[in-house]
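In the working numbering, the protein residues as written are 15 to 494.
Think of the CB as a built atom: it goes at the ideal place given N, C-alpha and C, for glycine as much as any other residue.
Treat the numbers as computed from the prediction; the structure is a model and nothing was measured.
Structure, as structure tokens:
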RNA sequence: GGAGGCGUAGCCAAGUCCGGUCAGGCAAGGGCCUGCAAAGCCCUCAUACGUCGGUUCAAAUCCGACCGCCUCCUCCA
């Protein structure tokens, strides 16, 4: 396993990645609150961590990947009230939709998807433990974390307790000992979901779930904990306090946070109304194109979203897919004793450069750049073979290697499929298109270009593009 | 106010930790191919790094000051 560098929010530094129990990696990513549809921001987060997970596995780590669903929270409860249905119905609906859109964009399933409602018992135990340790206190059915008891509070976000107390934004509460204290357990009103506990009927606070589920499924110390940058404070800060306040050992070794999606350089958010759900976007762009777009930026940097940018990414992605097809076609050329002293592209060099980019904090932008440079070399080579019917053994081996490399890095590591669009469609459909192409070819042979062009145009109108070449006419689906 | 980050060619974007050879993409122009197209491929395209100083043989990269922008400190990926 080669040296892998990751940027750790905890230290604000790039560090060498060394899991506690290599090659095992315990990874936890904060999942969505399932009360509404996913938007581009979610895609950015989960695609980023999906690639990180994929790359770690490529490097030989055995990753245990856990991602929660927050199913009990003000938002799911309110939504349930609005629709007058049980909260579980809301949670189930949006969990299903989450999977629909994330599966489509190539996010591999986590090993485990725990929910808060499935861990209430563990939450109660954890909170009880904190109370016994003097780190928490009960007030009228609520339980709060006593922030001043945790010396390291602020270590992740760089916040200083004193300064936060001076801040105007911290609202004092009559119940809390200190305005910084946060709820571990909340008393439930009669008409809201609740569980019996030593403090009466209530439900878990927001932050506690990740501490409990992380610990339950991955142990006291997690290797990687991920999430959006907005979660650094207070969510992740509180997770550290809650967990370490009880266990006394380091909760997370590497904190990784993805950057935001902005729209016209503004933060995308519900309050601004400038967001797109993935479902909406999929009507206009293929999920793979959106994934490609996301990967054109290193995951920690903000990425500005616009339809024009997505289209741009789509063009670059199409080029990549066509390159893959061209490699396959070249590979299919027969092998013969051709004596050609061609300089073949350096596959090994490319391989190392790609890996180096990924090892530099999962720099997918750079990795895609490396693919492009190498693709350019191959295109020149393939172009020079255009009129040759045969290629020699050495050349064929190089093409095969190139095809394998591209497939492995693009589909397996980056999660971008390289399907041959000309192979899409049902057999019946293919036969029909072939028939039309044949008719058009006859027209062309007879010099009836008017008719030939009409067929081409009408097929284009139906979403099929024809490409004439010396080897005949090929077709493919548009926007594949 | 506190914390984190950003400012690179028409646009997007790597590189900045470990100073020295201008990744890559998109757009644009030219060419090859083609009945014409489309697609594809090739070539051209930038002596670019917010500003001002400093260190150095050498700075996008290090140091200092300043300007502009974003995020977090409140639910948020």
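Checklist entry - Is the beta carbon of residue 49 less than 9 Å from the beta carbon of residue 118? => result No. Outside cutoff.
Checklist entry - Going by other Cβ atoms of all chains shown within 10 Å of its Cβ, with 16 needed for buried, is residue 437 buried or exposed? => result A caution first: residue 437 carries a pLDDT of 48, below 50, which makes its placement in the model too unreliable to give a value.
Checklist entry - What does a CB cutoff of less than 6 Å around residue 308 pick up in its chain, not counting 5 residues either side in sequence? => result These residues qualify, in order along the chain: 58 and 61.
Checklist entry - Which partner residues of residue 271 appear in the DSSP bridge assignment? => result Paired residue(s): 241.
Item to check | DSSP state of residue 221 mapped onto helix, strand, coil | outcome: Three-state result, residue 221: coil.
Checklist entry - Would you call the segment 289-309 and the segment 258-266 in contact, with 3 or more CB pairs under 8 Å? => result Touching, no.
Item to check | 9 Å Cβ cutoff met for residue 447 and residue 457 | outcome: No; because the gap between Cβ atoms is not below 9 Å, this pair is not in contact.
Checklist entry - At what residues does the beta strand (DSSP E) containing residue 481 begin and finish? => result Unbroken beta strand (DSSP E) run through residue 481: 478-483.
Item to check | Rounded Cβ spacing between residue 253 and residue 221 (contact assumed at less than 8 Å) | outcome: Going by Cβ atoms, the distance from residue 253 to residue 221 rounds to 6 Å, so yes, they are a contact pair.
Next on the checklist: In whole angstroms, give me the CA-to-CA distance for residue 289 and residue 97.
Outcome noted: Each residue's alpha carbon lies about 23 Å from the other.
Next on the checklist: Spatial neighbours of residue 73 within its chain, please: C-beta separation below 6 Å, excluding the five flanking residues on both sides.
Outcome noted: Taking C-beta separations shorter than 6 Å and ignoring five residues to either side along the sequence, the partners of residue 73 in its chain run 15, following chain order.
Checklist entry - Taking the DSSP output, what are the residues bridged to residue 156? => result Beta-bridge pairing links residue 156 to 153.
Next on the checklist: Using C-beta distances below 7 Å, list every residue in its chain close to residue 109, excluding the 5 sequence neighbours before and after it, in chain order.
Outcome noted: Result list for residue 109: 48 and 83, in chain order.
Item to check | Distance, residue 63 Cα to residue 435 Cα | outcome: With a pLDDT of only 47 at residue 435, under 50, the local geometry of the prediction cannot be trusted, and no value is derived from it.
Checklist entry - Any idea what DSSP makes of residue 330, helix, strand or coil? => result Reduced to three states, the DSSP call for residue 330 is helix.
Checklist entry - DSSP three-state call for residue 449: helix, strand or coil? => result Looking at residue 449 - three-state DSSP - the assignment turns out to be helix.
Item to check | 3 or more residues per run - each beta strand (DSSP E) lying fully within the segment 124-154 | outcome: Entirely contained in the segment 124-154, the beta strand (DSSP E) runs reaching 3 residues are, in chain order, 150-153.
Item to check | residue 486 (DSSP reduced to helix, strand or coil) | outcome: Here residue 486 sits in strand by DSSP.
Checklist entry - Which residues in the same chain as residue 140 place their Cβ atom closer than 6 Å to its Cβ, once the five residues preceding and following it in sequence are excluded? => result Same-chain partners within the cutoff: 226.
Item to check | Coil, strand or helix - residue 290 by DSSP | outcome: Residue 290 falls in the coil class under three-state DSSP.
Checklist entry - Given a threshold of 16 other Cβ atoms within 10 Å of its Cβ, counted over all protein chains shown, does residue 378 qualify as buried or as exposed? => result By the Cβ-count criterion, residue 378 is buried, with 16 or more other Cβ atoms from all chains shown falling within 10 Å of its own Cβ.
Checklist entry - Under the rule that 16 or more other beta-carbon atoms within 10 Å means buried, what is residue 34, buried or exposed? => result Its Cβ having fewer than 16 others within 10 Å, residue 34 is exposed.
Next on the checklist: Using 9 Å as the threshold, is the C-beta distance between residue 338 and residue 424 below it?
Outcome noted: When the beta-carbon positions are compared, residue 338 and residue 424 come within less than 9 Å of each other.
Item to check | C-alpha distance - residue 326 paired with residue 197, whole-angstrom precision | outcome: Between the alpha carbons of residue 326 and residue 197 lies a distance of about 46 Å.
Next on the checklist: According to DSSP, residue 22 sits in a beta bridge with which residue or residues?
Outcome noted: The secondary-structure analysis by DSSP pairs residue 22 across a beta bridge with 27.
Item to check | For residue 188, three-class secondary structure by DSSP | outcome: Coil, per DSSP.
Item to check | Three-state secondary structure assigned by DSSP to residue 436 | outcome: Because residue 436 sits at a pLDDT of 45, beneath the cut-off of 50, its placement in the model cannot be relied upon, and the following sentence gives the value as read from the coordinates. Of the three classes helix, strand and coil, the one that applies to residue 436 here is helix, per DSSP.
Checklist entry - Any idea what DSSP makes of residue 494, helix, strand or coil? => result Since pLDDT at residue 494 reaches only 45, below the 50 mark, its modelled position is unreliable, and the value read off the structure follows with that caveat. Here residue 494 sits in coil by DSSP.
Item to check | DSSP bridge partner residues for residue 213 (one or two, in chain order) | outcome: Per DSSP, none; premise fails for residue 213.
Checklist entry - Looking at residue 116 and residue 169, is the spacing between their C-beta atoms short of 9 Å? => result In this structure, residue 169 sits away from residue 116, with a CB-CB distance that is not shorter than 9 Å.
Next on the checklist: Can you check which of these residues, 112, 91 and 69, is closest to residue 292 by C-alpha distance?
Outcome noted: Of all alpha-carbon atoms in 112, 91 and 69, the one lying nearest the alpha-carbon of residue 292 is that of 112.
Checklist entry - Distance, Cα to Cα, residue 123 vs residue 467? => result Rounded to the nearest angstrom, the two C-alpha atoms are 47 Å apart.
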